[in-house]
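Read through the structure below, which is laid out as structure tokens, and then see the notes.
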Amino acid sequence: MSSIVFHDGITEIGDNAFFDCKSLKEITIPDSVTKIGRDAFIR
0 MSSIVFHDGI TEIGDNAFFD CKSLKEITIP DSVTKIGRDA FIR
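According to numbering that gives the first Met the number 0, the stretch in the sequence shown is residues 0 to 42, in order.
Here it is, written out as structure tokens:
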């Protein structure tokens, strides 16, 4: 997976949601997201 698009209405991205996802290059996060959990995108 190299890109993620979160759609409007999503409010939270959980802890470790994409932990160790080394191929991830692009993330689109809408304004509706008010919380991004700890280490959500840590490599």
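Even glycine gets a Cβ: it sits at the ideal position worked out from N, Cα and C.
Predicted model only: the values in this text are computed from it and were never measured.
GLY46 versus SER1: straight-line alpha-carbon distance, rounded: The chain is shown from 0 up to 42; residue 46 falls before or after that span and cannot be answered.
Euclidean distance between Cα positions of SER31 and ILE12: To locate residue 31, count along the sequence shown from 1; it is residue 32. To locate residue 12, count along the sequence shown from 1; it is residue 13. C-alpha separation (whole angstroms): 11 Å.
Contact set for ILE41: own chain, Cβ-Cβ below 7 Å, skip 5 residues either direction: Against the sequence shown, residue 41 aligns to sequence position 42. The answer, listed in chain order, is PHE18.
For ASP14 and VAL4, the rounded distance between their alpha carbons: Reading the sequence shown from its first residue, position 5 is the one you call residue 4. Reading the sequence shown from its first residue, position 15 is the one you call residue 14. The alpha-carbon atoms of VAL4 and ASP14 are separated by roughly 18 Å.
Proximity to ARG37 [Cα-Cα], best of THR10, ALA16, HIS6: To locate residue 37, count along the sequence shown from 1; it is residue 38. Taking only the C-alpha atoms, the option nearest ARG37 is ALA16.
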